[in-house]
Amino acid sequence: MDKISIVIPCFNEENNIPLIYSAINKVFENGISAEYELIFVDDGSKDNTLKVLRDLSATDQKVKYISFSRNFGKEAALYAGIKNATGDFVAVMDADMQDPPELLCDMYKEIKTGEFDCIAARRVDREGEPKIRSFFARAFYKLINKVAEVQLVDGARDFRLMNKKYVDALLELSEYNRFSKGLFDWVGFKTKWIEYKNVERRSGKTKWSFWKLFKYSVNGIVAFSSLPLYICSLLGITMCAVSFLAILFIIFRQLFFGGSVAGWPSLVCIIVLIGGLLMLGIGILGFYLSKIYLEVKNRPIYISREEKL
Ligand code: UDP
Ligand code: MG
Numbered sequence: 085m086d087k088i089s090i091v092i093p094c095f096n097e098e099n100n101i102p103l104i105y106s107a108i109n110k111v112f113e114n115g116i117s118a119e120y121e122l123i124f125v126d127d128g129s130k131d132n133t134l135k136v137l138r139d140l141s142a143t144d145q146k147v148k149y150i151s152f153s154r155n156f157g158k159e160a161a162l163y164a165g166i167k168n169a170t171g172d173f174v175a176v177m178d179a180d181m182q183d184p185p186e187l188l189c190d191m192y193k194e195i196k197t198g199e200f201d202c203i204a205a206r207r208v209d210r211e212g213e214p215k216i217r218s219f220f221a222r223a224f225y226k227l228i229n230k231v232a233e234v235q236l237v238d239g240a241r242d243f244r245l246m247n248k249k250y251v252d253a254l255l256e257l258s259e260y261n262r263f264s265k266g267l268f269d270w271v272g273f274k275t276k277w278i279e280y281k282n283v284e285r286r287s288g289k290t291k292w293s294f295w296k297l298f299k300y301s302v303n304g305i306v307a308f309s310s311l312p313l314y315i316c317s318l319l320g321i322t323m324c325a326v327s328f329l330a331i332l333f334i335i336f337r338q339l340f341f342g343g344s345v346a347g348w349p350s351l352v353c354i355i356v357l358i359g360g361l362l363m364l365g366i367g368i369l370g371f372y373l374s375k376i377y378l379e380v381k382n383r384p385i386y387i388s389r390e391e392k393l
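As structure tokens, this is what we get:
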């Protein structure tokens, strides 16, 4: 019999864990004939998440958990869970019931056909989400798909069922700056998308503030695109060419028409403009450099404080 590992990252989800636990159990009782294990990853929660997990795993052998020494972020939690999964298939899903567990049934049926290596879910609407947030999310997907070497699907969630080959490929990418949405696409293989309508989180609030999402999207672009660096160089070259022409013009004017002291405001403008562009260039360069710095240090992606596997 096949075994399915279900990886669930949890950050302050004490109320949702019992819900998702029983929902998944129900799905397996009624529709999926496979063994399964649940791997909860407590991402440094401040509430009783760890206690809930300890209690659950004491009563149910199928429940396993890893608890981080601090909050390392969802990407690290996904990596830890996938790394410790022992199933023939590995599913990842959120703890807040936004990823309907019933879909696991369809996903399993699809992946068993052997046609696909990964079955992923995407929501077709963003109902219940603030309008401004949806707007920026859409803009981000348009931008990253233009500039990056990966193609992201709008509305794609980190809810998927993968086979062993796919998972092994994901684990090979052991980079510190993990942008899973990009990594999922980068490894290739055949992915089938299942669509569903958005569901709101059951309990608690989203962990993603606007600022956190902004940083996340910038990280995504930097991780999968060098276009910002090219734009900088291009701007630099253009500015140099323009100023070179301007200098030639001034020399000729001096020689043939005599000098003039007027024009210092335009000079100041140009200096400021060039200064600004330089700062922008250095800033973008620094951003990439800081990412390289983190990679080179080779820090672990996560540190576990307690685990039961
Ligand atoms: N999560 C996590 N670490 C974090 C933030 C979130 O493990 O630092 C988990 C969270 O517990 C949930 C999932 O990632 O299971 C998605 O988080 P959330 O529901 O807040 O995101 P949204 O659905 O609003 O995109
Ligand atoms: Mg959610």
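Counting in the working numbering, the sequence shown runs from 85 upward without gaps. Idealized CB from N, CA, C, for every residue including glycine.
Cβ-heavy atom distance, residue i to the ligand UDP, below 7 Å
i, result
"P214", "no"
"F95", "yes"
"K158", "yes"
"N99", "no"
"F127", "As written in the sequence, residue 127 is Asp, which differs from the Phe given in the question. Yes, Cβ of D127 sits closer than 7 Å to a heavy atom of the ligand UDP."
"A161", "yes"
"N155", "yes"
Span of the beta strand (DSSP E) around residue i
i, result
"F224", "Element bounds for F224: not the beta strand (DSSP E) but the alpha helix (DSSP H), 215-231."
"I116", "Careful: I116 lies outside any beta strand (DSSP E) and carries neither H nor E."
"S151", "147-152"
"F95", "Here F95 belongs to no beta strand (DSSP E), and DSSP marks it neither H nor E."
"S388", "388-392"
"V176", "173-176"
Nearest-angstrom beta carbon gap, residue j and residue i [assumed within contact, 8 Å]
i, j, result
"D269", "Q235", "6 Å"
"Y386", "A164", "5 Å"
"S89", "S388", "That belief does not hold up - the Cβ atoms of S89 and S388 are roughly 17 Å apart, past 8 Å."
"P433", "V136", "The structure shown does not extend to residue 433, since the chain is modelled only from 85 through 393, so no value can be given for it."
"S309", "E233", "7 Å"
"A223", "F263", "Incorrect: roughly 17 Å between the Cβ atoms, too far for contact."
"E480", "K167", "An answer regarding residue 480 cannot be provided, because it is not within the stretch 85 to 393 covered by the chain."
"L313", "I368", "6 Å"
Contact test: residue i Cβ vs the ligand MG heavy atom, cutoff 7 Å
i, result
"R285", "yes"
"Q235", "no"
"T133", "no"
"D178", "yes"
"A170", "Looking at the sequence shown, residue 170 is not Ala but Thr. For the ligand MG, not one heavy atom lies less than 7 Å from the Cβ of T170."
"T290", "yes"
"Q182", "yes"
The alpha helix (DSSP H) enclosing residue i, as first and last residue numbers
i, result
"P312", "311-341"
"R206", "First-last for R206: 202-207, but that is the beta strand (DSSP E), not the alpha helix (DSSP H)."
"A164", "158-167"
"S141", "133-143"
"K196", "187-196"
Member of the options whose CA lies at the smallest distance from the CA of residue i
i, options, result
"A240", "F224, W277, N382", "W277"
"F273", "M246, V91, E186", "M246"
"L188", "M181, A179, A175", "A175"
"S218", "D252, K158, N282, D180", "N282"
"K248", "K226, P184, E194, A169", "A169"
"E284", "K226, D180, A161", "D180"
"G266", "F340, E159, I335, M363", "E159"
"A205", "V352, C324, V237, K87", "V237"
"L393", "Y149, K193, V231", "Y149"
"I315", "I354, L362, V326, K110", "L362"
"F124", "N96, G360, I358, I92", "I92"
"D242", "D209, D183, G198, I195", "D183"
"F371", "N261, I355, A330", "N261"
Whole runs of the beta strand (DSSP E) within the segment 242-303, excluding any shorter than 3 residues
As far as the segment 242-303 is concerned, its whole beta strand (DSSP E) runs of at least 3 residues are 275-280.
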